[in-house]
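Novice: Here's a structure for you.
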């Protein structure tokens, strides 16, 4: 309870200090999404999954998945991707915009009705469903069905929503990108306050049978870790995770990319253009799995 009160007090103080400025910052951040989820078009994705399951799954698994997905595919334009965009909404809110390549939103709603999710019409001409107490709104457009947690996001849906994905749908089968620099500062401050409260709580006193030297070392590590986390949040621009199945190269890979703000210390540490390795002989195209990391260190 004490920890909860501390966290609440810190949050209240932070809100009082940063709220006026955040109203301006939120308007700027809204131009760039906080998060992007991109899913490749059904044709390519299903072929990749079947290829992978043929390699690693039990016999017949690929055919079963292909058969089950065929019914879902009938409701979609299988040549276009699926996407989700998350943007700030005011100071502490967010608005979600998902888009499905279909002209048959009603058909999808009929499927949902089979699971007890009943749709109703709104005065604005939208369709509303209840998702665990949260209203979700749907608007059928030309070639796309748009889904959001707010009515306002559907007032003027984009004519070309694929452009919002920034090409992630072409690079990967499934990708998630978090734009750290687009997160309103108030969110970052509140998150840091919660982390700091938890950290301080953990180093208030030694653990059972912990020596004084060990306690001081643990406290120093925790405090340095807190500084590192704060620096990372302030200096990172984006984090991207992408999964792809490449049949032509006969490979399955997971990309993890981090982009730092230009001119930051983190960006300087990420300068790999002149980095070389003397261990390249351990890499071979015939390996079932391999990982290679390279970095530069200040000496």
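Numbering (my numbering), first residue to last: 1 to 299.
Cβ atoms here follow ideal geometry from the backbone N, Cα and C, with glycine treated the same way.
#1: Grouping DSSP H, G and I as helix and E and B as strand, with all else coil, what is residue 251?
#2: Give the range of the alpha helix (DSSP H) segment to which residue 190 is assigned.
#3: Can you tell me where the alpha helix (DSSP H) with residue 71 in it begins and where it stops?
#4: Return helix, strand or coil for residue 227, following the three-state DSSP convention.
#5: Can you give the Cα-Cα distance for residue 150 and residue 106, rounded to whole angstroms?
#6: Please say whether residue 148 and residue 97 have beta carbons closer to each other than 8 Å?
#7: Return the CA-CA distance between residue 287 and residue 51, expressed in angstroms with no decimal places.
#8: What first and last residue would you give for the beta strand (DSSP E) that runs through residue 130?
#9: Should the region 234-244 be called in touch with the region 167-186, which here means at least 3 C-beta pairs below 8 Å?
#10: Going by DSSP, what residue range makes up the beta strand (DSSP E) through residue 43?
#11: Considering Cα atoms alone, identify which of 256, 257, 271 is closest to residue 263.
#12: For residue 230, collect the residues of the same chain with a Cβ closer than 7 Å to its Cβ; drop the 5 residues on either side in sequence, then sort them by chain order.
#13: What residues are listed by DSSP as bridge partners for residue 257?
#14: Pull up the DSSP beta-bridge partners for residue 177, would you.
#15: Quick check: residue 143 and residue 101, are their CB atoms within less than 8 Å of each other?
#16: Measuring alpha carbon to alpha carbon, tell me which of 164, 265, 226, 190 ends up nearest residue 87.
#17: When you compare the region 196-210 with the region 125-141, are there three or more beta-carbon pairs, one atom per stretch, that lie closer than 8 Å?
#18: Counting pairs of beta carbons, one from the region 243-253 and one from the region 157-175, are three or more of them closer than 8 Å?
#19: Which full runs of the beta strand (DSSP E) of 3+ residues lie inside the region 81-137, going along the chain?
#20: Would you kindly work out how many angstroms separate the C-alpha atoms of residue 85 and residue 73, rounded to a whole number?
#21: Given residue 260, which residues of its chain have a CB within under 7 Å of its CB, disregarding the five upstream and five downstream residues?
#22: By how many angstroms is the C-alpha of residue 94 removed from the C-alpha of residue 33?
#23: Rounded to whole angstroms, what is the Cα-Cα separation between residue 279 and residue 254?
#24: Determine whether the beta carbon atoms of residue 65 and residue 55 lie at a separation below 8 Å.
#25: For the putative contact between residue 41 and residue 79, defined by C-beta atoms under 8 Å, what is the C-beta separation to the nearest angstrom?
#26: Which residues mark the beginning and the end of the beta strand (DSSP E) in which residue 145 is found?
#27: Give me the Cβ distance between residue 186 and residue 92, rounded to the nearest whole Å; I'm assuming they're in contact under 8 Å.
Specialist: Checking against the coordinates, here is how it stands:
#1: For residue 251, the three-state secondary structure derived from DSSP is strand.
#2: Run containing residue 190: 185-202, per the alpha helix (DSSP H) assignment.
#3: That run of the alpha helix (DSSP H) goes 61-73.
#4: In the structure shown, residue 227 sits in a helix (DSSP, three-state: H, G or I).
#5: Taking the straight line from one Cα to the other gives about 19 Å.
#6: The answer is yes: Cβ separation under 8 Å.
#7: Near 19 Å, if we compare the C-alpha coordinates of residue 51 and residue 287.
#8: 127-131 is the span of the beta strand (DSSP E), which, as asked, contains residue 130.
#9: Yes, the region 234-244 touches the region 167-186.
#10: First-last for residue 43: 42-56, but that is the alpha helix (DSSP H), not the beta strand (DSSP E).
#11: Nearest option by C-alpha distance: 271.
#12: 192, listed in sequence order.
#13: Bridge partners of residue 257: 240.
#14: Residue 177 is bridged to 36, 240.
#15: Contact: yes.
#16: Ranking 164, 265, 226, 190 by CA distance to the CA of residue 87 puts 164 first.
#17: With a cut-off of 8 Å, the region 125-141 and the region 196-210 do not count as touching, because too few Cβ pairs lie within range.
#18: Result yes; three or more Cβ-Cβ pairs closer than 8 Å.
#19: Annotation: the region 81-137 contains the following complete segments of the beta strand (DSSP E) (minimum length 3 residues), in chain order: 82-89, 93-100, 127-131.
#20: Distance from the CA atom of residue 85 to the CA atom of residue 73, rounded to whole angstroms, is 22 Å.
#21: Result list for residue 260: 235, 236, 237, 266, 267, 270, in chain order.
#22: Distance between the alpha carbons of residue 33 and residue 94 is about 10 Å.
#23: The alpha-carbon atoms of residue 279 and residue 254 are separated by roughly 22 Å.
#24: No, the Cβ-Cβ distance between residue 65 and residue 55 is not below 8 Å.
#25: Between residue 79 and residue 41 the Cβ distance is about 5 Å, and since that is below 8 Å, they are a contact.
#26: In the DSSP assignment, residue 145 falls within the unbroken beta strand (DSSP E) covering 145-148.
#27: With 8 Å as the limit, residue 186 and residue 92 qualify as a contact, their Cβ atoms being about 7 Å apart.
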